[in-house]
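In what follows, a structure is listed as structure tokens, so that the remarks can point back to it.
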Amino acid sequence: MPFKEAIAVALHSLRANKLRSFLTVLGILIGVSSVIAVVAITEGLDRYISDQVLALGSRSFRLQKQPDIITSNDEWSEMIKRKRLDLRDFETVQRACSLCADVGASMSTSATVKRGRLRQKSVRVMGITEAIPRIGAVRDLDQGRQLVPEDIEASRRVAVIGVDLVEALFGSVDPMGKQIDVDGHRLKVVGVAEKKGSVFGASQDNFIWTPITTFRKLYGPRNSITIQAEAASMADFEAAQDQVRMAMRNRRHLTYREKDDFAIETGESIMELWQTATRGLYVVTLVVTAISLLIGGIVVMNIMLVSVTERIQEIGIRKALGARRGDILRQFLVESVVLSGFGGLLGVLGAAAISLGLAAVLGGMMGLDFSAPVRPWAVTLALAVSSVVGLVAGIYPASRAAALDPVDALRKE
Amino acid sequence: MSAEPVPSGSVIVAEGLWRTYVMGTEEIHALRGVSFTIEHGEYLAIMGPSGSGKSTLMNLIGCLDTPSRGRYVLQGKVVSEMDDDELAGIRNREIGFVFQTFNLLPRATALHNVELPLVYAGVPREERIERAREALERVDLGDRITHKPNELSGGQRQRVAVARALVMGPSILLADEPTGNLDTVTGTEIMHLFETLHERGDATIILVTHENEIAEHAQRTIHIRDGQIERDERKGA
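Protein chains in written order, with the numbering used here: chain A, 29 to 441; chain B, 109 to 345.
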């Protein structure tokens, strides 16, 4: 029997048993849709994270007392002992890094900010040098002026505020030149930063910039600062980091055998961490998928056996009319493949629905541009895998059908 | 019409056919050395009570089964030595089956049922449809081609089966109790159809039946009993 006929027969019997076919392919549907959805979601998150992380600036890096992520207690106790970074370190880096376009320093804390009876909690108060808004994700202003070197030199009590504070404390009042109260200290608003929205539900607009010198007066000089630098070009990115590293090692008098007693973080290091985490997710998904496809295959095989038993007479008729073993074998194999391929197809649709739904939910909840793209390669792979499952599951039932004796099969009522 | 058909070579030569089934430890001989020849264009009936071995003989003639011993030659080909797939090819080209229970595919239209042997013969689609339509027209069902078996009367179903049996132009038309599931009127109608086919010289017709009235339509009757030929009668010979 030509292939086309076999497919027509398979589709026919699929249609004749709609509910049974659907239930049969549920396992495959779940397996396929979970793998595509997870791939799509992970990729969407990957893209989202890299957008966000790299928005920090692909050429920028940070010099910190300790890395962002500490993975053990031992590491932690070592971090505690490290020297803090201070403004003299900043000056050293600034002098040493000829490949840096900009170097800035910052420190931060969380505070409640008040204006009269209005208050805004958990505001990120950052003491910065004037270069910070230019490094990484450039932050422009909606109103007023940026902090200038004179603000820093003179430790002026001025602030640039995020739009969350404007909304919470000023409403429709023009904030320019007004005083705000930060943990009991008065600062004058000189600028309002443009709105950035939120990342993972955390607002990026609930902050205050004040000169780092002012910050140290308000909160004391004890905390370590973060030094941020931007390489002059992408080609200089590694070299700029090396300049900073060498300058710090010299300053700390480290021998070549000793490890860095400071940390340099880039957007890349966060991406790497994220990718390690998602790799785990992939493995789990793979296992879940493998199990559901296995179960799906068993169900398909079972139903194919039922189908063969139900159609013994049909097989007898076909054989009497000249069907060879191979014809019958092919007919049932094609039916099995079409059945589970149909499951794979439903799985793809399911995955598309999940991805779209998730994108809508995340997008709506967090007000961000999140998309979970269903990739053609994932779809192709899913259909191929489900077809292979169908093929394997169909071999035994189909060969049983093919081996039937025509006389016995015809006699069956 | 002459009573004695002009011999134009034997369609079937059967020599000492045995068919033995093993049931547990017991051997059952359904056929015990049956020999006969059938000439081209003959209209013949195989008669016998149930258990006589006539169904077994029909399976052998129809190439659905092979003899345990003996030689069966169909159109000059030694069928008794063929494997499954070769038998399938022979059934497809040389044999047209008409069964007591029609044995149509219930979910397929009359046209598709008639098309089936052509599908297995690898005939291209357009030609298949054309030939199946012609075959249905020959049994006066040209206006029923899109009907499914359950939309047709018993007589119409059997005529679809006859069209299916004829569509490949087989050398023998093998009918197993073709009127067994039909009322007398429709039964007569089907027998009339066979007579027309015979007069047109479309095929060698072999009827397998236990009914005398049916067998009477044929020109020759082979009586089977206990796995052997009891009598071989020619009408008006």
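Beta carbons are placed, not taken as given, at the ideal position from N, Cα and C, and that holds for glycine.
Is residue i helix, strand or coil by DSSP?
i       : result
F235(A) : strand
Q174(A) : coil
I141(B) : Per the sequence shown, residue 141(B) should be read as Gly rather than Ile. Strand.
V114(B) : The pLDDT assigned to V114(B) is 39, lower than 50, so where the model puts this residue is not dependable; a value taken from the coordinates is nonetheless given after this. It is coil, neither helix nor strand.
M135(A) : strand
L197(A) : helix
A129(A) : strand
L125(B) : strand
A216(B) : coil
R333(B) : strand
M109(B) : Confidence is the limiting factor: at M109(B) the pLDDT is only 40, short of 50, which leaves the residue's position unreliable and the question unanswerable from this model.
F290(A) : coil
Q122(A) : helix
V275(B) : coil
E202(B) : helix
H306(B) : helix
M299(A) : helix
R162(A) : helix
Q183(B) : coil
M155(B) : strand
G369(A) : helix
E319(B) : coil
A34(A)  : helix
L260(B) : coil
A44(A)  : helix
R250(A) : coil
E234(B) : helix
D209(A) : strand
T140(A) : strand
N167(A) : Sequence inspection shows Arg at residue 167(A); the Asn mentioned does not correspond to that position. Note: R167(A) maps to coil in three-state DSSP.
L210(B) : Reading off the sequence, residue 210(B) comes out as Phe, not Leu. Coil at F210(B), not helix or strand.
G161(B) : coil
Can you pull the chain A residues whose beta carbon is under 7 Å from the beta carbon of residue i, in chain order?
i       : result
F205(B) : A348
Are the Cβ atoms of residue i and residue j separated by less than 8 Å?
i       : j       : result
I314(B) : L305(B) : no
L125(B) : P175(B) : yes
E258(A) : A129(A) : yes
R167(A) : L215(A) : no
Q94(A)  : R75(A)  : no
L197(A) : R277(A) : no
P286(B) : V206(B) : yes
A260(A) : S61(A)  : no
N251(A) : L193(A) : no
P203(A) : I180(A) : no
E147(B) : S188(B) : no
L432(A) : I343(A) : yes
Q256(A) : I163(A) : yes
S383(A) : I35(A)  : no
Closer than 7 Å by beta-carbon distance: list the chain B residues that pair up with residue i, in chain order.
i       : result
V435(A) : N167, L172 and D173
E33(A)  : V227
Which residue marks the beginning of the beta strand (DSSP E) containing residue i, and which one marks its end?
i       : result
L281(B) : I280 to D284
L172(B) : Here L172(B) belongs to no beta strand (DSSP E), and DSSP marks it neither H nor E.
R214(A) : H213 to A221
I156(A) : L146 to I156
R90(A)  : S88 to Q92
I need the boundaries of the alpha helix (DSSP H) containing residue i, first residue and last residue.
i       : result
Y284(A) : Counting along the chain, Y284(A) falls outside any alpha helix (DSSP H), and DSSP gives it neither H nor E.
G344(A) : I340 to A348
A351(A) : No alpha helix (DSSP H) holds A351(A); DSSP gives it neither H nor E.
A429(A) : P404 to A431
S183(A) : Looking at the DSSP string, S183(A) is not in any alpha helix (DSSP H), and its letter there is neither H nor E.
For a contact meaning CB atoms closer than 8 Å, what does residue i contact in chain B?
i       : result
A44(A)  : R215
A438(A) : Reading off the sequence, residue 438(A) comes out as Leu, not Ala. Within chain B, the residues near L438(A) are L172, F207 and N211.
So with CB distances below 9 Å, who are the chain A contacts of residue i?
i       : result
L260(B) : Correct list: empty, because the minimum Cβ distance to chain A is about 16 Å.
L249(B) : Under the 9 Å cutoff, chain A gives no residues; its nearest Cβ is about 18 Å from L249(B).
L182(B) : Here the premise fails: no neighbours, minimum Cβ distance about 14 Å.
L152(B) : By Cβ distance, chain A contributes nothing, its closest Cβ being about 20 Å from L152(B), past 9 Å.
Listed from N- to C-terminal order along the chain, which residues in the stretch 187-211 of chain B have their beta-carbon within a distance smaller than 7 Å of any beta-carbon of chain A? D192, D193, A196, G197, R199, N200, F205 and N211
Chain B contacts made by the stretch 332-363 of chain A, where a contact means CB separation under 9 Å: Q341, E342, G344, I345, R346, K347, A348, L349, G350, A351, R352, R353, G354 and D355
Positions along the stretch 293-323 of chain A whose CB lies within less than 7 Å of some CB in chain B: Look at the stretch 293-323 of chain A: it has no residue with a C-beta under 7 Å from a C-beta of chain B.
For the stretch 126-145 of chain B, enumerate the residues whose C-beta is nearer than 9 Å to any C-beta of chain A, in chain order. none
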